[in-house]
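J.: One structure coming up, written as structure tokens, with questions to follow.
Numbering (the working numbering), first residue to last: 4 to 276.
Shown next as structure tokens:
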């Protein structure tokens, strides 16, 4: 911090320099915003994406992110990059966000949307904030078209999403949105407002799901949390043909990855003959 405040003496945060395009320069500290910026921001606007944007464990767009600069998100790095807009999450550290604003940077807080309807609104908010409303609208149309082109199963499959530690996903969870948009019925809904809830092994077996949906594939328990998913009774009741899988990097937030997630799920529900 001593370096930070000594460095501030030499800075002038009055109007920041805009990108060569005349549009605001952007640093993203929000992983969910990264694919949007890559898709519809002018390339000269992107001062940096999050460092996780290049990690395939967290980002379905890690390969594309290799073509863009990334930032560690430290205050010193922001000062060096001199962005006009810093994109954060509503769940980001409030003290750091306040300091970023005190330094003269404009903050734009976006959620990690759990459904595509909410993501649509955030895409348009972001487009307006960075001067790219038309490009954002065109991008949204491409996402809509991609989802409309996916042929869903003719009969709605009953799907039970299961995660480690006996957890299932209910209404409001990103898995619920994906299952619904893929033409399925989410058996994780418990009639309450629970986004996530515990489910016993007995209830998982009694659910008589057509499929269970997993985001992990270990065949043996690597921790106490995995004992539920690797239980022999679950394996006997739900054979491999009844097990669906979605990569974790498609479940970080709804929006850019939603068509990919739906396509991945539908492909498993309607395998080639």
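Just so you know, even glycine gets a beta-carbon here, dropped at the ideal spot from N, CA and C.
If you draw a straight line from the alpha carbon of residue 79 to that of residue 72, how long is it in whole angstroms?
T.: Distance between the alpha carbons of residue 79 and residue 72 is about 16 angstroms.
J.: Would you mind stating whether residue 30 and residue 84 have Cβ atoms separated by less than 8 angstroms?
T.: Against a cut-off of 8 angstroms, the Cβ pair of residue 84 and residue 30 comes out as a contact.
J.: Leaving aside the five residues before and after residue 259 along the sequence, list all residues of the same chain whose C-beta is less than 6 angstroms from its C-beta, in chain order.
T.: Taken in chain order, the residues that qualify are 38.
J.: Kindly indicate which three-state DSSP category residue 267 falls into: helix, strand or coil?
T.: It is helical.
J.: Rounded to whole angstroms, what's the CA-CA distance from residue 34 to residue 55? Just pull it up for me.
T.: Cα-Cα distance, rounded: 7 angstroms.
J.: With a floor of 4 residues, list each alpha helix (DSSP H) that falls wholly inside the segment 151–184, ordered by position along the chain.
T.: Runs found: 177–184.
J.: Give the DSSP-derived three-state secondary structure of residue 109 in the structure shown.
T.: Three-state DSSP puts residue 109 in a strand.
J.: To which residues of the same chain is residue 210 closer than 6 angstroms at the C-beta, ignoring the five residues directly before and after it?
T.: Here the set comprises 163, 190.
J.: My output table needs one value for residue 100: the three-state DSSP class, helix, strand or coil.
T.: Residue state, collapsed to three classes: helix.
J.: Identify whether residue 232 lies in helix, strand or coil by the three-state DSSP scheme.
T.: Coil at residue 232, not helix or strand.
J.: Nearest to residue 151 by alpha carbon, out of 265, 273, 272?
T.: Answer by Cα proximity: 265.
J.: For residue 49, name the three-state secondary structure that DSSP assigns.
T.: Correct three-state label for residue 49: strand.
J.: Just the C-alpha distance for residue 223 and residue 202, rounded to the nearest angstrom, thanks.
T.: Note that residue 223 has pLDDT 48, beneath the 50 cutoff, so the model's placement of it is unreliable and the number below is only indicative. In a straight line, the C-alpha of residue 223 is about 20 angstroms away from that of residue 202.
J.: Expressed to the nearest angstrom, what Euclidean distance is found between the alpha-carbon atoms of residue 43 and residue 138?
T.: Answer to the nearest angstrom: the Cα atoms are 5 angstroms apart.
J.: Give me whichever residues DSSP pairs with residue 189 in a beta bridge.
T.: 162, per the DSSP bridge assignment.
J.: How do the segment 176–185 and the segment 243–262 stand: do at least 3 beta-carbon pairs fall below 8 angstroms, yes or no?
T.: Yes: the two stretches touch, three or more of their Cβ pairs being nearer than 8 angstroms.
J.: Using C-beta distances below 7 angstroms, list every residue in its chain close to residue 36, excluding the 5 sequence neighbours before and after it, in chain order.
T.: The answer, listed in chain order, is 90, 113, 129.
J.: State the Cα-Cα distance for the pair residue 147 and residue 120, rounded to the nearest angstrom.
T.: In a straight line, the C-alpha of residue 147 is about 11 angstroms away from that of residue 120.
J.: Can you list, in chain order, the residues of its chain whose CB lies under 6 angstroms from that of residue 93, leaving out five sequence neighbours each side?
T.: Excluding residues within five positions, the ones whose Cβ falls inside 6 angstroms are 112, 114.
J.: Looking at residue 192: is its Cβ nearer than 8 angstroms to the Cβ of residue 173?
T.: Yes, Cβ-Cβ distance for residue 192 and residue 173 is below 8 angstroms.
J.: Taking the DSSP output, what are the residues bridged to residue 248?
T.: Its beta-bridge partners are 217.
J.: Note down the Cα distance separating residue 63 from residue 105, rounded to an integer number of angstroms.
T.: C-alpha separation (whole angstroms): 34 angstroms.
J.: What residues in its chain sit with their C-beta under 8 angstroms from that of residue 57, if we drop five residues either side in the sequence?
T.: Counting only Cβ-Cβ distances below 8 angstroms, and skipping sequence neighbours, we find 65, 68, 69, 73.
J.: Going by DSSP, what residue range makes up the alpha helix (DSSP H) through residue 28?
T.: Here residue 28 belongs to no alpha helix (DSSP H), and DSSP marks it neither H nor E.
J.: Is DSSP giving residue 136 helix, strand or coil here?
T.: Reduced to three states, the DSSP call for residue 136 is helix.
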